[in-house]
Structure formats: structure tokens, C-alpha cells
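Novice: Sharing a structure below in C-alpha cells format, with a few things to ask.
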Amino acid sequence: MTDSHITQGGTGNPVAPEGARTAADVVTPELIPRLTRGVAGSGTTVSHTPFTGDVLASALPESTPEDVATAYENARAAQRAWAATPVRRRAAVLLRFHDLLLRRQPEILDLIQLETGKTRLHAQEEVQGVAIVARHYGRKAPAYLRPKGHLGAVPTLTKVTELRQPRGVVGLIAPWNYPLQLSVGDAIPAFVAGNAVVMKPDTETALSALWARELMVEAGLPAGVWQVVIGDGPVVGPAVVEHADYVAFTGSTRTGREVAQAAAARLVGCSLELGGKNAMLVLRDADLARAVDGAVRGSFASAGQLCISMERLYVHESIADAFLERFVARTKAMRLGTALAYGAEMGSLVSERQLETVTRHVDEAVSKGATVLAGGRARPDIGPYFYEPTILDGVESPMAVCAEETFGPVVSVYRFRDEGEAIERANATSYGLNASVWTKDARRGRAIATRLRAGTVNLNESYAAAFGSVASPMGGMGDSGLGRRHGSEGILRFTEPQTVAQQRLMPLGPAFGMTDEKYADFMTRSLRALKALRLR
């Protein structure tokens, strides 16, 4: 690929050099049978690479609802022994997996790039994220899961212990955009809590999940504890939910509602990480250079196909022109590419469907009066689904790009006069996943964060600070989902709390010859005394 297509007109993003290695060098005839060993499938299907649109993996096992049921049977059989394994031994598997992952990351970086079309650096972010999660739960799971004593109904006479029992078999439905981070990254706390997992990755990105499964088994996870099924979402997805003891889903809000309804009908719990229309607020005192860098990363990482990426950019009017001059220049200079190597700054959209959504949002906005400051066009000269990183100005509420999640490399810019206005506009959405605030005044930034309706808020960072801080919960409000991943909530969701209460010396009822009246009087005086002693 040369740059002649770009330089003739003097516009458009430059193209990074092509790499020497191809998909055929990575997805060899031996790889598919090795990774799919043990996958329940009565049929076959294929996956494609967004870089070219060509078939990437042929003869992938395709599962039926009956195959899903078989996978659950196998998972339940394996889960019993796994749950009986001491938690520290389960946690040790995660720490071995951590080391294997970092040592063999070139293998998974190739697969992630080929399956998603993202750059190598953005693929490496997934490796970072999974390693952090594995280390955290590998170290902290015994503390999260240990028995905890509580004050009993009658102090000293009632001994109470809270236990955490695994739910059984977790149904995990993972999306295509982060095939490592959102597959094994979510499975890790389920495993260490003593559960088995039946996972349905997206067919187009199944190899990344299967590679992670192979590595986890090498680290010591019993193979039967992690079952994988592959197939169309409308066919296989409901079957995964139908048999699960708990469901973890990451995907669209529309499908998330269906998953929640199906889980509720069976009285099983679920956690849902769904869509977002995330806002970035650049205050008048922001460091412009840092804010521009954050806007580029926050808007165009993984070609904008990130639930927590920025799609709405609110900039104080006093600095808007200076900010946009730098932001537009940086965005136009971003290198697009397909190489299985570092160097490109943005890759491809994943499919024709994503390209159609991005094109529709941009074209409709322009037809209704919006202005394209950068990008705004597809790049078939690079690959079938490439679209330039795009900045829109003059976006208003009738336009789809104003309120709908684009899930692509498109960000809309809005100017504001005062911070209250910016907060109100940032909150004017049904979504509430992530937000970003840029200011030199940390105290003011934290005060604004408390007023933003978002599950995570990053100060002077777009998304990585909150998402990478895995001791803290991550998830959405409103249409962005239910429940949280990471931290104590991220592992305890995969457990059932069990209270064991032992009564000693005397029962909670009349004893030692007490009449009912004397017992009632005794308990009344005891309750008053407990309050006076400030017992909780």
C-alpha cells in the first residue's frame, strides 16, 4: 500500500506501512483443531478478518441448543470437584495464567488483531487488562471469599458466619470488540469463586477466547470447567441463558434487556455491561496538550468500538478554538493500517454492519447541517471496513449521532459556557457508563465527577484509569447495565451468600422456666441495653 491515494488530494489520514506477516502465518491448519478440541458442535461455521474480509478460520464447530445443553452437563460434572478445591489453589491457577499470558502475548496479539481489525497497541491493552485482573483475583480472592463473622441476634450466645458458595455454572456471553478482555477477563473471578463457565464468544472472534482457554488449562484449570459453544447469537444465546445458574453478558442494550428478562423468568441473577454515549468534559483550565491526547485515545481507541470510549466532547467556549485546532490536526495525522506489528494508530471497523452504522450517522448529520472537521469518509483503499477518525461540529438533537451509540471512530463536539450546563448536557442521556473530566483543579474535578451520572468517571484520563483500577467496581447506570465487574462486587456476583447461625447456651425463646411474659420483659430490657451499648 502506498500513500499516493492520500497525498494527491492532500487530505485523509496517512497509511502505516504494511507488515511482512499475514493471516496465513498465524492461523495455520494445525491451530483450529488444537484450539477447538472439546468444543461441542454438531455443525461447522467460519470466521473472517476485518482487515480484508476474507475467511480467517474455517471449520469452526457450530453449536446447537442441544450442544449447549451437553456443554452444561459437562460443566456441572467438572464444577463439583473444582468447587471443592481450596480457594488458594484455585487462585494459584490465575497467577500461573498471568505469567503465561505475558510470556506468550505475541500469539494472542496476532489473533486479536486478525479477528477485530484493531491495532497492535490496542490489542496489547487487552493483554494488560487481563493480566491485571488475573493478578488481582489471584492475590485477593481468598480474602474476598473467606468466611466472615457477624454480630448475632444475641451477642456471645449467637455465633454467625457468612459463607460464599459458588453459584454453579455461569453462562457468559462475550462480545466481539474485546475478545480477550471481555471473555477470560470476566471468567477469571467466576473460576476462582469455584464456578464452571459455559461461554459463548462471538463467532468472528472465537479464536481469541479459545486461545485463552487453552492457556488457562495449561495453567492448571480443569478442562471441563471451561466449556465453549459457538454459533449465532439468536440461536445459541438463549440456550446459554436457559441453563445457567447465573448470566454475565456484555453487549448491546437491546439484547441485554432480553437476557435480563430471560434470566428473571428463571429467577437467576445476571450482570449486564451494555452500551454508552460517553461524555468528555474539557474545562477552561484544562491542560490542552494532555486533553487533546486524551480525546484522541478516548475517541478512537479500537476504532471507537469500545463501550467506554468518548462519543460526546464538551469543551469550554473560551478554549474551544485552540483545543479543536490541535485535536483536528492530531486526528488527521493518525496513521491507519493493517500490519501485525506496532506502528498504526487506528485499525478497522469489525464488519460491514458497523461501517454502515458509522456511515449513516455521519452522512445524516451532515445532511442536517453538521460540519465534518476531520475524517468523514470510508477508506476502502486500506481495507473493506476502514473509516477515518471523524470529528463532527454542529451536531443537534434531531441527528441520530447526537443520542444513539455510534460505536465507531466518531466524536461530536459541543461548546459550553458554564460547568453546570456541561454537566446537565452530559447527563441528558439514558446511558450512564463512563465519563471523563479534564481540569488542573483536582478538587473541582472530583466535585464534578460526583454530579455525573456514570458508573465510572476518569479525571484527566479518558477510560483506562478507572477500567484498569480493578480493585474498584466498573459498570453502568441506566441503560448501560446492571451489576459490576472488578473488585469485590465483580467476584461476589458469582457467589451465593450463605448465613450459618449457631445458637449457644439458651434458645431464642422462653427458657429456664420463664413464662412468656417474663421472656418478653427480659428481651425488651436486653434490646434497650444493646442500643445503649451502641451495638449494631
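Per this note's numbering, the sequence shown starts with residue 775, numbered consecutively.
Ideal Cβ placement from N, Cα and C applies to all residues, glycine included.
Assign M765 to one of three DSSP states: helix, strand, or coil.
Specialist: This structure leaves residue 765 out entirely; the chain is present only between 775 and 1310.
Novice: Within the continuous beta strand (DSSP E) that includes M1084, where are the two ends?
Specialist: Per DSSP, M1084 belongs to the beta strand (DSSP E) from M1084 to H1090.
Novice: Do A1177 and E792 have their CB atoms nearer than 8 Å?
Specialist: Not closer than 8 Å, so no.
Novice: Given G1219, which residues of its chain have a CB within under 6 Å of its CB, disregarding the five upstream and five downstream residues?
Specialist: Contacts found: V1211, T1213 and L1233.
Novice: What is the DSSP secondary structure of A1306, reduced to helix, strand or coil?
Specialist: Three-state result, A1306: helix.
Novice: Using 8 Å for Cβ pairs, my map puts T1105 next to G1149. What's the rounded Cβ distance?
Specialist: Confirmed, about 7 Å.
Novice: With a threshold of 7 Å, establish whether the CB of G1111 neighbours any heavy atom of the ligand ZN.
Specialist: Among the components of this structure there are no ligands whatsoever, and the ligand ZN is therefore not found.
Novice: Kindly indicate the opening and closing residues of the beta strand (DSSP E) around V944.
Specialist: From DSSP, the beta strand (DSSP E) with V944 extends over V943 to I947.
Novice: Going along the chain, which residues of its own chain have a beta-carbon closer than 7 Å to the beta-carbon of A1118, five neighbours each way excluded?
Specialist: Result list for A1118: A790, T893, R1109, L1110 and G1111, in chain order.
Novice: Note down the Cα distance separating R909 from L1147, rounded to an integer number of angstroms.
Specialist: So the two alpha carbons sit approximately 42 Å from each other.
Novice: To the nearest angstrom, report how far apart Y1328 and I962 are at their CA atoms.
Specialist: In the structure as shown, the chain begins at 775 and stops at 1310. Residue 1328 is therefore absent and cannot be evaluated.
Novice: Indicate the three-state DSSP secondary structure (helix, strand or coil) for P807 in the structure shown.
Specialist: In the structure shown, P807 sits in a helix (DSSP, three-state: H, G or I).
Novice: Below 7 Å CB to CB, which residues in the same chain sit around A797 once its five sequence neighbours on both sides are set aside?
Specialist: These residues qualify, in order along the chain: T823, L830 and L888.
Novice: Whole angstroms are fine: how far does the CA of A855 sit from the CA of T844?
Specialist: The straight-line gap from Cα to Cα measures roughly 18 Å.
Novice: Can you round the beta-carbon distance between M1248 and A1240 to whole angstroms, since I take them to be within the 8 Å contact cut?
Specialist: Confirmed, about 7 Å.
Novice: Distance, Cα to Cα, D1192 vs S1073?
Specialist: Roughly 23 Å separates the two Cα atoms.
Novice: Tell me the start and end of each unbroken beta strand (DSSP E) in the region 879-944 that is at least 3 residues and wholly inside, in chain order.
Specialist: Those beta strand (DSSP E) runs which fall completely within the region 879-944 and span 3+ residues are 922-925 and 932-940.
Novice: Would the beta-carbon of N848 fall within 8 Å of that of G998?
Specialist: In contact: N848 and G998 (Cβ atoms closer than 8 Å).
Novice: Exposed or buried, which one is T1230 when buried takes at least 16 other CB atoms within 10 Å?
Specialist: Buried.
Novice: Which term fits M1084, buried or exposed, when burial requires 16 or more other beta carbons within 10 angstroms of its beta carbon?
Specialist: Label assigned to M1084: buried.
Novice: Residues in the same chain with beta-carbon distance under 8 Å from A833, minus the five sequence neighbours each way, listed in chain order, please.
Specialist: Here the set comprises I806, T818 and V820.
Novice: Quick check: the Cα distance between P1065 and G1264, rounded to an integer number of angstroms?
Specialist: Looking at the sequence provided, one finds Ala at residue 1065 rather than Pro. Rounded to whole angstroms, A1065 to G1264 spans 30 Å at the Cα level.
Novice: Assign A1174 to one of three DSSP states: helix, strand, or coil.
Specialist: Note: A1174 maps to helix in three-state DSSP.
Novice: State the DSSP-derived secondary structure class of W1212, mapped to helix, strand or coil.
Specialist: Residue state, collapsed to three classes: strand.
Novice: Measuring alpha carbon to alpha carbon, tell me which of F965, N951, V928 and Q902 ends up nearest Q853.
Specialist: Here the closest residue by C-alpha is F965.
Novice: Below 8 Å, how does it come out for the region 1041-1060 and the region 1009-1020: are there three or more Cβ pairs, yes or no?
Specialist: Touching, yes.
Novice: Should L1207 be labelled buried (16 or more other beta-carbon atoms within 10 Å of its own) or exposed?
Specialist: Per the 10 Å Cβ criterion, buried.
Novice: Identify, in the order they occur along the chain, each residue of the same chain with its Cβ nearer than 8 Å to the Cβ of T1180, setting aside the five sequence neighbours on each side.
Specialist: Around T1180: G1078, E1085, T1131, V1132 and H1135.
Novice: Where do the ends of the beta strand (DSSP E) carrying E1162 lie?
Specialist: No beta strand (DSSP E) holds E1162; DSSP gives it neither H nor E.
Novice: Pull up the distance between the alpha-carbon of I1197 and that of A1096, whole angstroms please.
Specialist: Their Cα atoms are separated by approximately 22 Å.
Novice: How long is the line joining the alpha carbons of M775 and D1155, rounded to whole angstroms?
Specialist: Residue placement at M775 is flagged as unreliable, the pLDDT there being 32, under the threshold of 50; a coordinate-derived value is accordingly withheld.
Novice: Grab the span of the alpha helix (DSSP H) containing S1262 for me, first residue to last.
Specialist: Its alpha helix (DSSP H) spans residues G1261 to L1266.
Novice: Which residue marks the beginning of the alpha helix (DSSP H) containing T1029, and which one marks its end?
Specialist: Element bounds for T1029: T1027 to A1039.
Novice: Please report the straight-line C-alpha distance between A1152 and R1267, rounded to a whole angstrom.
Specialist: Distance between the alpha carbons of A1152 and R1267: 42 Å.
Novice: Could you tell me whether the region 995-1011 touches the region 873-882, using the rule of 3 or more Cβ pairs below 8 Å?
Specialist: As far as the Cβ criterion goes, the region 995-1011 does not touch the region 873-882, which means the pair count is below three.
Novice: If you compare alpha carbons, which of V1070, L931, A1060 and L895 is closest to H1090?
Specialist: Nearest of V1070, L931, A1060 and L895 to H1090, Cα basis: A1060.
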